[in-house]
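S.K.:
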Amino acid sequence: MIFNKLTLYEFNLLDLNDKMEAVNQYGTFIDNHITTKERCNLYAIDMFFVEVVYSAEHNSITEIKSFKTGYLLDKYSNLSI
Numbered sequence: 077m078i079f080n081k082l083t084l085y086e087f088n089l090l091d092l093n094d095k096m097e098a099v100n101q102y103g104t105f106i107d108n109h110i111t112t113k114e115r116c117n118l119y120a121i122d123m124f125f126v127e128v129v130y131s132a133e134h135n136s137i138t139e140i141k142s143f144k145t146g147y148l149l150d151k152y153s154n155l156s157i
């Protein structure tokens, strides 16, 4: 899988394995957020974000969320609300 530029729409069409490959190849790690139940890593790819969610109990990927803006970014902010 080779992309010159990957759009959010193209990313969303990929299956889980190809999404992880795209994150590994094109993603820039931004930050992580760790709770007792899950670990979340935030990446930037071109003009959108990807959150990879890992189960702390099973040590496996449970979800990959892609987005441009919104509340999913709030947990990565250093500001207390």
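Using this note's numbering, the first residue of the sequence shown is number 77, and each one after it goes up by one.
Cβ coordinates follow ideal geometry from the N, Cα and C atoms, glycine included.
(1) Can you give the Cα-Cα distance for E133 and K113, rounded to whole angstroms?
(2) For a quick check, are the C-beta atoms of E127 and K144 less than 8 Å apart?
(3) State the start and end residues of the unbroken alpha helix (DSSP H) segment that holds D94.
(4) Would you kindly report the start and end of the unbroken beta strand (DSSP E) that includes N117?
(5) Give me the Cα-Cα distance between G103 and D122, rounded to the nearest whole angstrom.
(6) Check each candidate in N154, Y119, I137 and T111 and name the one with the smallest Cα separation from L84.
M.R.: Reading off the structure:
(1) Position 57 of the sequence shown holds residue 133. Position 37 of the sequence shown holds residue 113. Counting only the Cα atoms, K113 lies some 7 Å from E133.
(2) Here residue 127 corresponds to residue number 51 of the sequence shown, with the count starting at 1. Here residue 144 corresponds to residue number 68 of the sequence shown, with the count starting at 1. In this structure, E127 keeps its C-beta atom at 8 Å or more from the C-beta atom of K144.
(3) Within the sequence shown, numbered from 1, the residue matching residue 94 stands at position 18. Unbroken alpha helix (DSSP H) run through D94: L92 to Y102.
(4) Position 41 of the sequence shown holds residue 117. Note, N117: beta strand (DSSP E), E114 to I121.
(5) Taking the sequence shown and counting its residues from 1, the one referred to as residue 103 is at position 27. Taking the sequence shown and counting its residues from 1, the one referred to as residue 122 is at position 46. Approximately 8 Å, taken between the alpha carbons.
(6) Counting from 1 along the sequence shown, the entry for residue 84 is found at position 8. If we check each option's Cα against that of L84, Y119 comes out closest.
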